[in-house]
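212 is the number of the first residue of the sequence shown in the numbering used here; add one for each residue after it.
Think of the CB as a built atom: it goes at the ideal place given N, C-alpha and C, for glycine as much as any other residue.
Predicted, not measured: the structure shown is a model, and the values here were computed from it.
Okay, so here's the structure we're looking at.
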Amino acid sequence: MKVKTDNTVYFTEKVRNDLFHVLEEVVYFSITRFDRPIKHAAEEIVGGMDVREEYKDRIYPTLVWWKVFCSPSGSEGLTIFQRYLQLNKHKWRNKPAYFQEMLASWMYLNPGFYRVEDDESISGRVFVFKDVFEQSTKLITLFQKNFQTPKRGELISGLLIPIGHGKYISPGKLFHIPEQEAASVIEKITPYFEKHHESPHYRFNPQLYPSMITMTLESVGDSQ
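Take a look at the structure:
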């Protein structure tokens, strides 16, 4: 039984490390081939926000990830990540099916809005988030050396990437909204989503995120 357990742990860690390696490659691919359109898209969105510069700086990295994973462009209508997959899929022909399933799931990412349900892990790096729109819970591990600790009750916005077994990571910084402002923000963005969504499933509406995060930041700014 111990051998089986050890093999399972090894398999899980191997898949996770392989996924981290892919994420590193995606970053390199994006900045070397699409640096200009990524910056243009992110700057266009923050340029339309009537909020303080601090908020623009804090949300900018999330908008970069949104452009990479969620924003189709060109005649083929592909995201930058999908273009990366097309060019590199030959590398993973011999990888486990589970690894390939995880990569395929990355084609349907969307920065979300989450309430922090639990912030009391022993490591201080594992948190439970609840999706505001889909009401699903996600186990989040933050691997960054330096990060702002999510606090129970806060509203968090950012991109979460699945790495298997119900676990997620954040590739960059998350945007934190204090608990006392969370309810009012949710009340503001929910009707917008319900009116404009193309699918009742939030993750299939990445085109709405720029408008929703703009509404969020302007709402937070108005209360301060």
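request  = With DSSP as the reference, label K406 as helix, strand or coil.
outcome  = Reading the sequence shown from its first residue, position 195 is the one you call residue 406. K406 falls in the helix class under three-state DSSP.
Of the listed residues L274, K278, P373, nearest to F245 (C-alpha basis) = As a first step, residue 245 is located in the sequence shown; it is residue number 34 there, counting from the start. Cα-wise, what sits closest to F245 is K278.
query = Looking only at C-alpha atoms, which of L298, T273, L234, G364 sits nearest to M313?
reply = Indexing the sequence shown from 1 puts residue 313 at position 102. Nearest option by C-alpha distance: L234.
Terminal residues of the beta strand (DSSP E) in which V327 lies = As a working note, residue 327 is residue 116 in the sequence shown. Run containing V327: 323-329, per the beta strand (DSSP E) assignment.
key: Residue nearest to K225 in terms of C-alpha spacing, selected from K306, I388, P421   = Along the sequence shown, one-based indexing puts residue 225 at 14. Nearest C-alpha to K225 among K306, I388, P421: K306.
message = Once DSSP output is grouped into helix, strand and coil, what is the label at G258?
response = Numbered from its first residue, the sequence shown carries residue 258 at position 47. G258 falls in the helix class under three-state DSSP.
key: Segments of 3+ residues assigned as beta strand (DSSP E) that fall wholly inside the region 323-399   = Here the runs fully enclosed are 323-329, 337-342, 348-352, 366-369, 372-375, 378-380, 386-388.
query = What's the call for F354, buried or exposed, on a 16-neighbour Cβ count within 10 Å?
reply = As a working note, residue 354 is residue 143 in the sequence shown. So F354 ends up on the exposed side.
inquiry  = On the DSSP bridge list, what partners appear for L274?
reply    = The count along the sequence shown starts at 1 and reaches residue 274 at position 63. In DSSP, L274 forms no bridge with anything.
Reference G383; option with closest CA among R304, G377, G285, W276 = Within the sequence shown, numbered from 1, the residue matching residue 383 stands at position 172. Closest by alpha carbon: W276.
For P361, the nearest candidate out of H412, S430, V339, R247 (CA to CA) = The count along the sequence shown starts at 1 and reaches residue 361 at position 150. Comparing Cα-Cα distances from P361 to each of H412, S430, V339, R247, the minimum goes to V339.
ask   = Do A252 and Y271 have their C-beta atoms closer together than 8 Å?
value = Stepping through the sequence shown from its first residue, residue 252 is reached at position 41. Stepping through the sequence shown from its first residue, residue 271 is reached at position 60. No.
inquiry  = Taking 8 Å as the cut-off, does the region 328-348 touch the region 294-309 (at least 3 CB pairs, one atom from each stretch)?
reply    = Below 8 Å, too few C-beta pairs join the region 294-309 and the region 328-348 to call them touching: fewer than three.
query = Would you call the CB atoms of L371 and G323 closer than 8 Å?
reply = Counting from 1 along the sequence shown, the entry for residue 371 is found at position 160. Counting from 1 along the sequence shown, the entry for residue 323 is found at position 112. Less than 8 Å separates the beta-carbon of L371 from that of G323.
key: Span separating the alpha-carbon of Y413 from that of Q346   = Position 202 of the sequence shown, counting from 1, holds the residue named residue 413. Position 135 of the sequence shown, counting from 1, holds the residue named residue 346. Each residue's CA atom was taken as its position, placing Y413 and Q346 some 10 Å apart.
ask   = Opposite L289 in the DSSP bridges: which residues?
value = Locating residue 289 in the sequence shown gives position 78, counting from the first residue. The partner list for L289 (beta bridge, DSSP) reads S284.
request  = Please look up how many angstroms separate the CB atoms of I388 and I380, rounded, as I've assumed it's under 8 Å.
outcome  = The residue labelled residue 388 in the question sits at position 177 within the sequence shown. The residue labelled residue 380 in the question sits at position 169 within the sequence shown. Contact doesn't hold; Cβ gap of about 20 Å is too wide.
ask   = DSSP on L320, reduced to helix/strand/coil?
value = Sequence index remark: in the sequence shown, residue 320 carries index 109 (1-based). Coil at L320, not helix or strand.
inquiry  = Measuring alpha carbon to alpha carbon, tell me which residue in S410, M423, T273 is nearest I249.
reply    = Numbered from 1 along the sequence shown, position 38 holds the residue referred to as residue 249. Looking at the Cα atoms, T273 is the closest of the given residues.
ask   = Between A393 and G369, is the Cβ-Cβ spacing less than 8 Å?
value = Along the sequence shown, one-based indexing puts residue 393 at 182. Along the sequence shown, one-based indexing puts residue 369 at 158. Not closer than 8 Å, so no.
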